[in-house]
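Undergrad: No gaps in the numbering here: position 76 of the sequence shown is 75 in numbering that gives the first Met the number 0, and each next residue is one more.
For reference, the structure I am asking about is given below.
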Amino acid sequence: MKVTSAQAAKILRNFTNELNDLLRLENKVSTFVAAVGEDPESVRPAYSFEETAAKKKALEEKIRKIKHALNVFNTNTVVPGFNMTVDEVLVYMPQLTADVSRLNSLKSALPKERVDSYGKTSVGLIDYRYANYDIAAAEREYQTTADTLAKLQLALDAVNNTAEFEIDI
Numbered sequence: 000m001k002v003t004s005a006q007a008a009k010i011l012r013n014f015t016n017e018l019n020d021l022l023r024l025e026n027k028v029s030t031f032v033a034a035v036g037e038d039p040e041s042v043r044p045a046y047s048f049e050e051t052a053a054k055k056k057a058l059e060e061k062i063r064k065i066k067h068a069l070n071v072f073n074t075n076t077v078v079p080g081f082n083m084t085v086d087e088v089l090v091y092m093p094q095l096t097a098d099v100s101r102l103n104s105l106k107s108a109l110p111k112e113r114v115d116s117y118g119k120t121s122v123g124l125i126d127y128r129y130a131n132y133d134i135a136a137a138e139r140e141y142q143t144t145a146d147t148l149a150k151l152q153l154a155l156d157a158v159n160n161t162a163e164f165e166i167d168i
C-alpha cells in the first residue's frame with residue numbers, strides 16, 4: 000500500500016487506538032465477579048484468551064511494520080531546501096524552537112534596566128542590569144531563526160503530505 004507519512008501516521012494512530020481498546024476490554028472481561036450463590040455462567044462476559052491474543056499479535060505486527068516503514072522513510076527522504084533527511088529535521092526543529100524562545104528573551108531586553116532592590120540593606124543605592132550584547136543583533140538573529148523554523152515546518156509538511164512510500168500491511 001502506497002501512503003504518505005501523514006497518512007501512515009493516521010493509520011498508525013488508528014491501529015494503536017484499536018490495540019489500546021482491545022487491551023482495555025481484555026482488562027475488563029478477562030476476570031469477573033459472581034456473588035455467592037449466583038450462577039457464574041449467568042454473569043460470565045464473553046472473552047476468548049486465544050482470539051484476543053491473536054488480535055493483539057496481528058495489531059502489534061501492523062504497528063511494527065508501519066513504524067519501520069516510517070523510520071526508513073524518515074532516514075532516507077531529504078527535505079528539499081535543507082539538505083537534511085526527515086529524521087535530522089525532526090531533531091533540528093526542537094533546536095530551532097528552543098533558539099527562537101531564547102532569542103525572543105534576548106531581543107526583548109532593555110539596554111539598561113532598573114533592578115528590584117527590595118530587601119537590600121543599603122539605602123539609596125540603585126542597581127541597574129545592562130545588556131552585555133547588541134540587542135539589534137539578537138533581534139536580527141531571532142528573525143532569521145524564526146523564518147528558518149517556519150520554512151522548515153512548511154517544507155516538512157510538504158514532504159509528509161506528498162512523498163509516498165510503501166507499507167506492506
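Note that CB positions come from ideal geometry on N, CA and C, so glycine has one too.
#1: With three or more C-beta pairs closer than 8 Å as the rule, is the segment 99–118 touching the segment 150–162?
#2: For A154 versus V78, is the C-beta distance shorter than 8 Å?
#3: Rounded to a whole number of angstroms, what is the C-alpha to C-alpha distance between K55 and S47?
#4: Leaving out five residues before and five after K61 in sequence, what residues of the same chain have Cβ atoms less than 7 Å from its Cβ?
#5: Shortest alpha-carbon distance to R101 belongs to which of E140, L109, F81, Y91?
#6: Can you tell me which of the three DSSP states Y91 falls into?
#7: Let me know if L89 comes out buried or exposed under the rule of 16 or more other beta-carbons within 10 Å of its beta-carbon.
#8: Using a Cβ-Cβ cutoff of less than 6 Å, which residues in the same chain neighbour K111 once the five nearest sequence positions on both sides are dropped?
#9: Can you check which of these residues, T51, L124, K1, is closest to R23 by C-alpha distance?
#10: Output yes or no for whether 8 Å exceeds the beta carbon distance between K106 and I134.
#11: Along the chain, where does the alpha helix (DSSP H) containing Y141 start, and where does it finish?
TA: Taking the coordinates as given:
#1: no
#2: yes
#3: 12 Å
#4: F14, I168
#5: E140
#6: Correct three-state label for Y91: helix.
#7: exposed
#8: The answer, listed in chain order, is Y127, Y129.
#9: Distance check between R23 and each of T51, L124, K1 places T51 closest, using alpha-carbon atoms only.
#10: Yes, these two residues count as a Cβ contact at 8 Å.
#11: 134–161
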